[in-house]
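Novice: Numbering (our numbering), first residue to last: 313 to 519. Structure provided below as structure tokens; questions to follow.
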């Protein structure tokens, strides 16, 4: 499962879906559960050994993602999370659930989306460290670059407001809560996705 772990100011993220939306029908995992980075390798395994090995081997033999294995800087993390999408959709044939809640799509497209992550969060680079960096934008842009791959189309599912939704380059509706004298009211804004994603010019070809 991909997406922001928790939304800011009480907004929901992938943790909500794992704890409440999917728990009864599946056992979802996070990309964080794979022990690939240097500092993760000392942690107790969470994934089946065969899947861990398959993912590791996919990264190790990939021309772009190989330095994720045993890496520890931001570039290694980015390669791990993008390599996870590569492995899940094209090697393991697994379903990927991508949570769009709490994402600023405009910032993702323009590559300036960041979020403060508290120490102890599964999104952290290292225990005790707080970073101002979200890798979720890189993940979503990878999916956009590879959106025409039938394997990606088949295996990736998008969620927002607890419902399955189209890919955000086909349709994107953002619901916001506004407090009024009569209590909370919700308004929905539909984005011009053609104009929005037209601002994104990939530096590289589809992987």
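Beta carbons: idealized from backbone N, C-alpha and C, even for Gly.
Hey, which unbroken runs of the beta strand (DSSP E) at 3 residues or more fall wholly within the segment 374-430?
Specialist: Counting whole runs of 3 or more residues, the segment 374-430 contains the beta strand (DSSP E) stretches 408-411.
Novice: Going by the DSSP bridge assignment, what does residue 469 pair with across the sheet?
Specialist: In the chain shown, counting from the first residue as 1, residue 469 sits at position 157. 409.
Novice: Assuming residue 456 is part of the alpha helix (DSSP H), what are its boundary residues?
Specialist: Translated into the one-based positions of the chain shown, residue 456 becomes position 144. Counting along the chain, the alpha helix (DSSP H) containing residue 456 begins and ends at 448-457.
Novice: Can you list, in chain order, the residues of its chain with a C-beta nearer than 8 Å to that of residue 420? Leave out the 5 residues immediately preceding and following it.
Specialist: If you number the chain shown from 1, residue 420 lands on position 108. Only 448, 449, 452 and 453 meet the Cβ criterion.
Novice: Should residue 414 be labelled buried (16 or more other beta-carbon atoms within 10 Å of its own) or exposed?
Specialist: If you number the chain shown from 1, residue 414 lands on position 102. Label assigned to residue 414: buried.
Novice: Which class does residue 513 belong to by DSSP, given the choice of helix, strand or coil?
Specialist: Working through the chain shown from its first residue, we reach residue 513 at position 201. Coil.
Novice: Of the choices 508, 464 and 484, whose alpha-carbon is the least far from that of residue 500?
Specialist: Counted from its first residue, the chain shown places residue 500 at position 188. Residue 500 has its Cα closest to that of 484, out of 508, 464 and 484.
Novice: Residue 379 to residue 503, Cα distance in whole Å?
Specialist: By one-based count along the chain shown, residue 379 stands at place 67. By one-based count along the chain shown, residue 503 stands at place 191. In a straight line, the C-alpha of residue 379 is about 37 Å away from that of residue 503.
Novice: Is the segment 457-471 in contact with the segment 388-407, if contact means three or more CB pairs nearer than 8 Å?
Specialist: yes
Novice: Going along the chain, which residues of its own chain have a beta-carbon closer than 6 Å to the beta-carbon of residue 396, five neighbours each way excluded?
Specialist: Locating residue 396 in the chain shown gives position 84, counting from the first residue. Here the set comprises 343.
Novice: Measuring only the C-alpha atoms, how far is residue 315 from residue 376?
Specialist: For the purposes of this step, residue 315 is taken as the residue at position 3 of the chain shown. For the purposes of this step, residue 376 is taken as the residue at position 64 of the chain shown. Cα to Cα, the separation comes out at about 22 Å.
Novice: Count the other C-beta atoms from every protein chain shown that fall within 10 angstroms of the C-beta of residue 458, then say buried if there are 16 or more, exposed otherwise.
Specialist: Here residue 458 refers to the residue found at position 146 of the chain shown. That one is buried.
Novice: Return the first residue and the last residue of the alpha helix (DSSP H) that residue 370 is part of.
Specialist: For the purposes of this step, residue 370 is taken as the residue at position 58 of the chain shown. Where residue 370 is concerned, the enclosing alpha helix (DSSP H) stretches over 361-372.
Novice: So what does DSSP say about residue 477, is it helix, strand or coil?
Specialist: On the chain shown, position 165 is the one that residue 477 refers to. In the structure shown, residue 477 sits in a strand (DSSP, three-state: E or B).
Novice: CA-CA distance, residue 519 and residue 423?
Specialist: Here residue 519 refers to the residue found at position 207 when the chain shown is read from its first residue. Here residue 423 refers to the residue found at position 111 when the chain shown is read from its first residue. Just so you know, the alpha carbons of residue 519 and residue 423 end up roughly 19 Å apart.
Novice: Return yes when the Cβ of residue 332 is within less than 9 Å of the Cβ of residue 411, no when it is not.
Specialist: On the chain shown, residue 411 is found 99 positions in, with the first residue counted as 1. On the chain shown, residue 332 is found 20 positions in, with the first residue counted as 1. Cβ distance not < 9 Å, so residue 411 and residue 332 don't count as in contact.
Novice: Helix, strand or coil: which one does DSSP assign to residue 462?
Specialist: Translated into positions along the chain shown, residue 462 becomes position 150. In the structure shown, residue 462 sits in a helix (DSSP, three-state: H, G or I).
Novice: Note down the Cα distance separating residue 493 from residue 398, rounded to an integer number of angstroms.
Specialist: Taking the chain shown and counting its residues from 1, one reaches residue 493 at position 181. Taking the chain shown and counting its residues from 1, one reaches residue 398 at position 86. In a straight line, the C-alpha of residue 493 is about 48 Å away from that of residue 398.
Novice: Tell me the DSSP bridge mates of residue 499?
Specialist: Indexing the chain shown from 1 puts residue 499 at position 187. 488.
Novice: When DSSP builds the beta bridges, which residues end up paired with residue 314?
Specialist: By 1-based counting over the chain shown, the position of residue 314 is 2. Paired residue(s): 410.
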